[in-house]
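Shown next, in structure tokens, is the structure this report addresses.
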Amino acid sequence: MPNLDNQIDEFYTGSSYEKKSPDKNKTERSGFWRRFKNSLPSKIQFRLLPQVLSKKERYLVLSLLLAVIFSLLYIPLGFFYHLTKPMPDFGGSYTEGLLGAPQYINPLLIQANDADRDISEIIYSSLMKYDQSGNIVPDLAESYEISGNELEYMFVLKNNIKWHDGFPLNADDVVFTLNILQNNDYGSIQRINWQGVEVEKINDHTIKLKLKNKYAQFLNNTTLGILPKHLWENVKPSLFSFSDLNLKPIGSGPYKFKKLKKDSNGSTVSYELTAYEGYHGQKPFIKNLNFRFFNSEDELAQAYNHNMIEGIGFLSIEKIKNLKFSQKLSPQKIKLPRYFAAFFNQNRSKALADKNIRLALSYATDKQELLDKVLDQNGLIINSPVLKELASQEAGQKYPYDKEFAKQILENSGWKDPDGDGFREKIPEPAKNKTKTKEPEAKNEAVIEIKTSHSSDLSKAAEILKKQWEEVGFKVSVKIETLTEIQQSIRDRDYEILLFGEVLGLDLDPYSFWHSSQKKDPGLNLALYDNRSVDKILEEGRQIFNPIERNKKYEDFEKILLEDAPTIFLYSPYYLYLPSKKIKGNATEILSIPSSRFDNISQWYINTKRVRK
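In the working numbering, the protein residues as written are 760 to 1372.
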């Protein structure tokens, strides 16, 4: 009688147990494999399998099957990702919303219109440009050389550069652009930066620029966009600003004009650019760039909330907080070489002509409150026109906030509040010779007016300054003007205290803002500051090429200026750029102006592909 082991063996082999000879075993093994093959489930059995298995068994079989499939896929995919890396790929489109509409997409005519600056930065190329770290690097230029006396600059252009219409770009275009720039009939505001510069064509690819005086930051001027001579040479100066080329430009930059759209009033509402395949630099990755233009921040924010745009060129902090779908944005806080300040016009205010008044106002200003309430801490406190804060250098504070000390200065200098109404007036000193009768002096009150633009940040800052200064006894009024009105007030120097900003550029040269020759329009000496010692320092400083030695000069300038207290330096806001999160490769820490964010637009990308490591 067979035992249990024999029965099990018989069940799997289909034969009874008995001792077999080696030859017979070999034959039966071969028969076993034939029977095993024939014993595999048929198609019908596979189809009926789910009905035979329990629910738990079905889930188990399915899980095992998925695990096997996943493993088979994961192994080759793992090898693929291990042996490759992601790289930018061509394609995609990006739509950004901007404040204002373009009028002059022309580097020679650009004024205060950010839309003009932004698009011009993308369409035109220049001899030199800024990289993502704020350094000046060649653009159209292949190389450049500065002479031993530091008065001559030789630029050699890259070969085979072409305009968007296919015409070759050469030295004639550069010479033409700089010549009409220097011609006052064309009305370029850039003319002041090129006065006295001689332009000479050496050959088709070489230009020489000769300066009358050394200027260490001159290369910054060469970031100016170059115009095509073959299109502009027949445009008369009187028609220069009316040419269709100002809205349908032909440049040599990474993107070229495709089309624009206007509304029923003739205002440009959208603008389309496409990648220029013949670009002389790195070919752009993003295929199409689209811009839409809006009249106010409210319209801009609403457009984003309704998915009309993907990114935003600029929006105030207050409006940013109310954006929907903000998770789709990739906010960037970028440093700019600019500051906002309260500029004193001592010619328009008898009170401000008194240095003690200016000192008291300085000590009565709580800059931290401005930074917190106006900028929501999105900026830096500024104590000087020498922007050490942007260069991560130590910046001392000449006039720390001290309200009680401000009151003490006023009391000691005769600015008192005799009638207890909360506002101070100058109490004249008693006459030394009491035998003589003295004509009563006109009442000299500590009354001042702050004038600023309708910008929400500036109007809020003006109200905070009004509150702070009234706490120490000043009677303060605030006048808000439109951008057009404030620009005219600046030209006429029609203000007592101007709350406004100044953009220095990455060269941080203070000459245009503090030299006495710049007191009148179009100069930018908004405090009408006049100091012979400072003039001499600024003239010498801009001729020193060694940055360490130049900074020492500017430290001397800083000491004298702060001692005279012609201005209260307040803060430097970050530029809050809001591109779409899908945009990659656009990180930057510092810009010369907001439009410089597009200096390296060719490195931006949306699509990616994998290539071998």
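Every residue, glycine too, gets a C-beta built ideally from N, C-alpha and C.
Other residues of its chain near residue i: CB distance less than 8 Å, five sequence neighbours each side excluded
i	result
residue 1272	1144, 1261, 1263, 1283, 1284 and 1285
residue 718	An answer regarding residue 718 cannot be provided, because it is not within the stretch 760 to 1372 covered by the chain.
residue 1028	860, 1020, 1021, 1022, 1051 and 1052
residue 871	1242 and 1246
residue 1004	865, 990, 991 and 994
residue 911	905, 967, 968, 969 and 970
Pairwise C-alpha distance: residue j and residue i
i	j	result
residue 897	residue 964	14 Å
residue 1042	residue 1228	55 Å
residue 1046	residue 920	20 Å
residue 978	residue 1290	28 Å
residue 1310	residue 868	33 Å
residue 1408	residue 1130	In the structure displayed, the chain extends from 760 to 1372; residue 1408 sits before or after that span and is not available.
residue 1022	residue 834	57 Å
residue 974	residue 903	16 Å
residue 1294	residue 1269	10 Å
residue 1108	residue 1341	53 Å
residue 875	residue 1353	12 Å
residue 1315	residue 1299	12 Å
residue 1303	residue 1188	49 Å
residue 957	residue 982	17 Å
residue 1094	residue 894	14 Å
residue 1275	residue 1033	46 Å
residue 1203	residue 1169	13 Å
residue 1106	residue 1112	7 Å
residue 1084	residue 848	26 Å
residue 953	residue 892	26 Å
residue 1231	residue 1156	20 Å
residue 1331	residue 1253	24 Å
Residue burial classification, residue i (beta-carbon count within 10 angstroms, cutoff 16)
i	result
residue 730	This structure cannot settle anything about residue 730, because the visible part of the chain is limited to 760 through 1372.
residue 1368	exposed
residue 821	exposed
residue 1216	buried
residue 1306	exposed
residue 1185	buried
residue 1065	exposed
residue 1236	exposed
residue 819	exposed
residue 907	exposed
residue 962	exposed
residue 947	buried
residue 1205	buried
residue 880	buried
6 Å Cβ shell around residue i - same chain, five flanking residues per side excluded
i	result
residue 922	928, 987, 1009 and 1011
residue 1158	1121 and 1122
residue 1388	Look at the range of the chain in this structure, 760 to 1372, and you will see that residue 1388 is not part of it.
residue 1172	1115
residue 1325	1103, 1286 and 1288
residue 1339	1069 and 1070
For residue i, three-class secondary structure by DSSP
i	result
residue 859	coil
residue 1188	coil
residue 911	strand
residue 1051	strand
residue 1159	coil
residue 1361	helix
residue 1174	strand
residue 1366	strand
residue 1046	coil
residue 848	strand
residue 1165	helix
residue 1215	helix
residue 1236	strand
Which residues DSSP lists as bridging residue i, in chain order
i	result
residue 1228	Answer is none; residue 1228 lacks a bridge partner.
residue 872	Answer is none; residue 872 lacks a bridge partner.
residue 957	969
residue 991	Bridge partners of residue 991: none, in fact.
residue 1067	Bridge partners of residue 1067: none, in fact.
residue 1038	Beta-bridge pairing links residue 1038 to no other residue.
residue 1091	1336
residue 984	885
residue 1135	Note: residue 1135 sits in no beta bridge, so no partner.
residue 1257	1102 and 1210
residue 1032	1016 and 1048
residue 962	965
Same chain only: Cβ atoms within 7 Å of residue i, ignoring 5 sequence neighbours per side
i	result
residue 1328	1098, 1100, 1141, 1142, 1143 and 1144
residue 1370	843, 844 and 846
residue 1135	1076
Contact test: residue i Cβ vs the ligand COA heavy atom, cutoff 7 Å
i	result
residue 1108	Questions concerning the ligand COA fall outside what the structure shown contains, since it holds no ligand whatsoever.
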